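Here the sequence shown is numbered in my numbering, starting from 11 and rising by one per residue.
Glycine included, every Cβ here is placed at the ideal spot set by N, Cα and C.
Just so you know, these numbers come straight off a predicted model, no measurement behind them.
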Amino acid sequence: MWWVREAESGEDLDLWAAIRTGASPRERLVRPLRAWGRLLLLAGEVGCARAVPSDLEGCAAVQVFVVPGARRRGVGSRLFAPCVAHARELGALQLMTTVDELSEPGRAFAAACGFAEVDREIELRRLVGDEREPPPLPGITVLSLAERPELLQAA
């Protein structure tokens, strides 16, 4: 049996990451960070959730994750309710969430909780260290001080 509780210890945070990865395995997630206003919840070893202040005015972000073998048993709903209460405590007037486009169960749960799609985004990534010098803007010539030392003296 499981009950909803706040993730507090380092071990709890590791469990939170493991559940999150098990519920949505396309990416491995590391231990979540503790931050002001962030609520991290566990439901035994089968579900986890978070509610955090959003950068958007009046919003809080909420996410609920349940491992496949425990879905459709009320775990998500039990996690969602305290997230909504936390969002109210933060002063949020609106909730937002993100759902993996390929997760039909996640999309169905969000819809059952009253969420409606308002936008789609494409996540882009690249490796750090692959920075290239941008080309100069039209009409601008880039020179080094070695090429024009008189510019340093004029400054």
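Quickly, what does DSSP pair residue i with across the bridge? List them, please.
i	result
F75	C58
R15	L52
Q104	C69
For residue i and residue j, I'd like the C-alpha separation in whole angstroms.
i	j	result
L105	Q163	58 Å
V109	E157	54 Å
A71	E21	24 Å
G116	E18	25 Å
G68	P42	23 Å
A61	I29	16 Å
R36	S113	10 Å
R130	L155	47 Å
L89	D65	23 Å
R142	V152	15 Å
Is the distance from the Cβ of residue i to the Cβ of residue j below 8 Å?
i	j	result
A120	V76	no
Suppose the cutoff is 6 Å on Cβ atoms and the five residues either side in sequence are ignored; what does the same chain contact list for residue i look like?
i	result
F125	T107
L39	A27, R30, T31
Please determine, among the options, the residue with the shortest C-alpha to C-alpha distance to residue i.
i	options	result
R83	G57, G101, E141, A102	G57
Got a sec? Which residues, its chain only, sit under 8 Å from residue i by beta carbon, not counting five neighbours each side?
i	result
D24	R41
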